[in-house]
Amino acid sequence: MTAPNCGGRLEAMKVALKSGGKPIDRAQLALMALATGVCLAFAVLGGVMAIFTPLVFDRVGNRLNPIAWLGFAFAASFWAVCLLAPLAGWILWRKGATPLAWAAMAVPLAWGAVALTLLQFVPA
2 MTAPNCGGRL EAMKVALKSG GKPIDRAQLA LMALATGVCL AFAVLGGVMA IFTPLVFDRV
62 GNRLNPIAWL GFAFAASFWA VCLLAPLAGW ILWRKGATPL AWAAMAVPLA WGAVALTLLQ
122 FVPA
């Protein structure tokens, strides 16, 4: 006994659910898992940094400093970037876009570098 064809409506689901017979690269999988762990560790550090970012405005005049506001925005949102980048990376890796997946995993490094660079120019 076989399942009904349903007018061919399930074909798109079959294609989406099957891996297409491509073998999974175990080394890439291990590196993606390691990069995810690093991003999650950075997210914890970014959460602590986000708690202390309002201290940027303690000095008189920093409320009108655009570099202080940029540094605040980048530092306060760093933890969210560290959580969303692995999600995007895994989605892209699963779709087969490996270079874009690795680019998504590298976004927290670039975001953190920009945040730390901007915060250096804020007067203490």
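In terms of the working numbering, the sequence shown opens at residue 2 and continues consecutively. For every residue, glycine included, the Cβ atom is placed at its ideal position computed from N, Cα and C.
Taken through DSSP and simplified to helix, strand or coil, residue 122 comes out as coil. The criterion of a C-beta distance shorter than 8 angstroms is satisfied by residue 123 and residue 72. In this structure, the alpha-carbon of residue 55 lies about 10 angstroms from that of residue 74. Less than 8 angstroms divides the Cβ of residue 119 from the Cβ of residue 68. When the five nearest sequence neighbours on each side are left out, the beta carbons in the same chain lying within less than 8 angstroms of the beta carbon of residue 40 are those of 83, 84, 86, 87, 106 and 109, in order along the chain.
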